[in-house]
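A.B. asks: In UniProt numbering, the protein residues as written are 1 to 320. Where is the CB? At the ideal position from N, CA and C, for every residue including glycine.
1) For residue 62, list the residues DSSP reports as bridge partners.
2) Under a Cβ-count criterion, where at least 16 other Cβ atoms within 10 Å of its own Cβ denotes burial, should residue 3 be classed as buried or exposed?
3) Using only alpha-carbon positions, find the residue among 284, 265, 113 that is nearest to residue 138.
4) Does the Cβ-Cβ distance between residue 172 and residue 141 come in under 7 Å?
5) For residue 230, which residues in the same chain have their Cβ closer than 6 Å to its Cβ, ignoring the five residues on either side in sequence?
6) Taking its Cβ as the centre, do 16 or more other Cβ atoms sit within 10 Å of residue 322, making it buried, or is it exposed?
7) From the DSSP secondary-structure annotation, give me the bridge partner or partners of residue 239.
8) Exposed or buried, what is residue 227 when buried is set at 16 or more other beta-carbons lying within 10 Å of its beta-carbon?
9) For residue 316, count neighbouring C-beta atoms within 10 Å of its own C-beta (all shown protein chains included) and say buried if the count is 16 or more, exposed if not.
10) Please specify which runs of the alpha helix (DSSP H), each continuous and at least 4 residues long, are wholly inside the segment 265-296, giving them in chain order.
11) Taking only the alpha-carbon atoms, compute the straight-line gap between residue 93 and residue 237 and give it to the nearest angstrom.
12) Let me make sure I understand the geometry here. Which of 66, 281, 13 has the alpha-carbon closest to that of residue 125?
13) Please report the residue range of the beta strand (DSSP E) in which residue 105 lies.
14) How close, in whole Å, do the beta carbons of residue 53 and residue 84 come, if the pair is a contact with beta carbons under 8 Å?
15) Do residue 55 and residue 259 have their CB atoms nearer than 7 Å?
16) When we look at the beta-carbon of residue 158 and count the other beta-carbons within 10 Å, is it buried (16 or more) or exposed?
17) According to DSSP, is residue 170 helix, strand or coil?
18) Below 7 Å CB to CB, which residues in the same chain sit around residue 272 once its five sequence neighbours on both sides are set aside?
19) Rounded to the nearest angstrom, what separates residue 46 and residue 64 at their Cα positions?
20) Quick one, which of 280, 207, 293 has its alpha-carbon nearest residue 319's?
21) For residue 10, is the classification buried or exposed, using 16 other Cβ atoms within 10 angstroms of its Cβ as the cut-off for buried?
22) When you compare the CB positions of residue 350 and residue 248, do they come within less than 7 Å of one another, or not?
23) According to DSSP, residue 130 sits in a beta bridge with which residue or residues?
24) Around the C-beta of residue 109, are 16 or more other C-beta atoms found within 10 angstroms, so that it is buried, or is it exposed?
25) If you measure from the CB of residue 6, is any heavy atom of the ligand ADP nearer than 6 Å?
26) To the nearest angstrom, report how far apart residue 102 and residue 114 are at their CA atoms.
27) Out of 89, 263, 26, point me to the one whose CA is closest to residue 133's CA.
28) Where does residue 178 sit, in a helix, a strand or coil, going by DSSP?
29) Taking residue 56 as part of the alpha helix (DSSP H), name the residues at either end of that continuous run.
30) Can the beta-carbon of residue 183 be found less than 7 Å from the beta-carbon of residue 151?
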């Protein structure tokens, strides 16, 4: 990997941080419907924030560059991350701005519906992320909500000697296959959830991995919820499954997996062991309410790793 020299940070996430409001409802509200519930909890959220926190959980020195408003939710978002050891010193506070937030409906089965209220403040402009800042990290993980924004940062990070990790979202890649391939070409680690696999490869995980590796990604991790996650490279394929746990809330599970995988990998662990770390962290995440509640549970990564199984995975056709 690139970015192996001494740098202050192992993983630098660039993107979003939010506050999540969890509401227990009798049923998930649908179109023209109503669900009156009760507020369960207010938690820190945001895909990039979750990734940075999970990387720190895996032992990496992590940081986050985000943009928040000069409001109480913005202060809470940064304070909660700092309390978990994430360096947020390079983040931008926008005077008079409003930090974005999410409302998460949860029913009694653990099913959820997430509504994000994006304000005028969510992520920093690319011009607010200097090359000097990118040089502080061994791995840069730009939020892939906006593929053009992410590609700009990925290309610059590579030029600054850093490796790149991205997590593709289905909404971002819909109708933008060429841009997704370009971002994969500029990335070392690419993560895809089931929604992204559906958009990019008609629901075929192996075909999706082959497509992204052919585009230039060094390793592709495809997540499958209860079915675990698979990691593919040109040389090897692995499948990891977590323990059977009671699923309380799936919010942020993919971010937790990507962050712990990236944090483990940058510390020199193999791809197979990094996959185990990612799946173990995701399993901890879904067993509690809130995308980062596992950080306060007192269960370390080493304990959780004992309950993750690892096997060689079938090789997808089409990997060059």
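C.D. replies: Put simply:
1) As a first step, residue 62 must be located in the chain shown, where it is residue number 62. According to DSSP, residue 62 bridges with 11.
2) Position 3 of the chain shown, counted from the start, is the residue given in the question as residue 3. Residue placement at residue 3 is poorly supported in this model, since its pLDDT is 45, which falls under 50; the coordinates still yield a value, given next. Counting Cβ neighbours within 10 Å, residue 3 comes out buried, since at least 16 surround it.
3) As a first step, residue 138 must be located in the chain shown, where it is residue number 138. Answer by Cα proximity: 265.
4) Along the chain shown, read from residue 1 onward, the residue named residue 172 stands at position 172. Along the chain shown, read from residue 1 onward, the residue named residue 141 stands at position 141. No, these two residues do not count as a Cβ contact at 7 Å.
5) For the purposes of this step, residue 230 is taken as the residue at position 230 of the chain shown. Only 222, 239, 313 meet the Cβ criterion.
6) One cannot answer for residue 322 here, as it falls past the ends of the chain, which runs 1 to 320.
7) What you label residue 239 is simply residue 239 of the chain shown in a count that begins at 1. In DSSP, residue 239 forms a bridge with 230, 311.
8) Numbered from 1 along the chain shown, position 227 holds the residue referred to as residue 227. Result: exposed.
9) Residue mapping note: residue 316 aligns to position 316 of the chain shown, counting from 1. Classification for residue 316: buried.
10) Taking only runs of at least 4 residues, the alpha helix (DSSP H) segments lying wholly in the segment 265-296 are 271-286.
11) Working through the chain shown from its first residue, we reach residue 93 at position 93. Working through the chain shown from its first residue, we reach residue 237 at position 237. Distance between residue 93 and residue 237, taken at the CA atoms: about 42 Å.
12) Looking up residue 125 in the chain shown gives position 125. When each option's Cα is compared against that of residue 125, the closest is 66.
13) Position 105 of the chain shown holds residue 105. Note, residue 105: beta strand (DSSP E), 101-106.
14) Reading the chain shown from its first residue, position 53 is the one you call residue 53. Reading the chain shown from its first residue, position 84 is the one you call residue 84. Right, the Cβ-Cβ distance comes to about 5 Å (below 8 Å), so this counts as a contact.
15) In the chain shown, residue 55 corresponds to position 55, counting from 1. In the chain shown, residue 259 corresponds to position 259, counting from 1. Contact flag set, yes.
16) Locating residue 158 in the chain shown gives position 158, counting from the first residue. Buried, by the Cβ-count rule.
17) Locating residue 170 in the chain shown gives position 170, where the first residue counts as 1. Of the three classes helix, strand and coil, the one that applies to residue 170 here is helix, per DSSP.
18) Counting from 1 along the chain shown, the entry for residue 272 is found at position 272. The answer, listed in chain order, is 238, 310.
19) The residue labelled residue 46 in the question sits at position 46 within the chain shown. The residue labelled residue 64 in the question sits at position 64 within the chain shown. Cα-Cα distance, rounded: 11 Å.
20) As a first step, residue 319 must be located in the chain shown, where it is residue number 319. The residue with the shortest Cα to Cα distance from residue 319 is 207.
21) The count along the chain shown starts at 1 and reaches residue 10 at position 10. Under this definition residue 10 is a buried residue.
22) Absent from the structure is residue 350, since the part of the chain shown begins at 1 and ends at 320.
23) Indexing the chain shown from 1 puts residue 130 at position 130. Under DSSP, residue 130 forms no beta bridge with any residue.
24) Along the chain shown, read from residue 1 onward, the residue named residue 109 stands at position 109. Exposed is the call here.
25) Of the ligands one can find in the structure shown there are none, so the ligand ADP has no counterpart to examine.
26) Counting from one through the chain shown, the residue named residue 102 turns up at place 102. Counting from one through the chain shown, the residue named residue 114 turns up at place 114. About 7 Å.
27) Against the chain shown, residue 133 aligns to sequence position 133. Among 89, 263, 26, the Cα nearest to that of residue 133 belongs to 89.
28) On the chain shown, residue 178 is found 178 positions in, with the first residue counted as 1. Helix, per DSSP.
29) Indexing the chain shown from 1 puts residue 56 at position 56. Where residue 56 is concerned, the enclosing alpha helix (DSSP H) stretches over 47-57.
30) Counting from 1 along the chain shown, the entry for residue 183 is found at position 183. Counting from 1 along the chain shown, the entry for residue 151 is found at position 151. For residue 183 and residue 151, yes; Cβs fall inside 7 Å.
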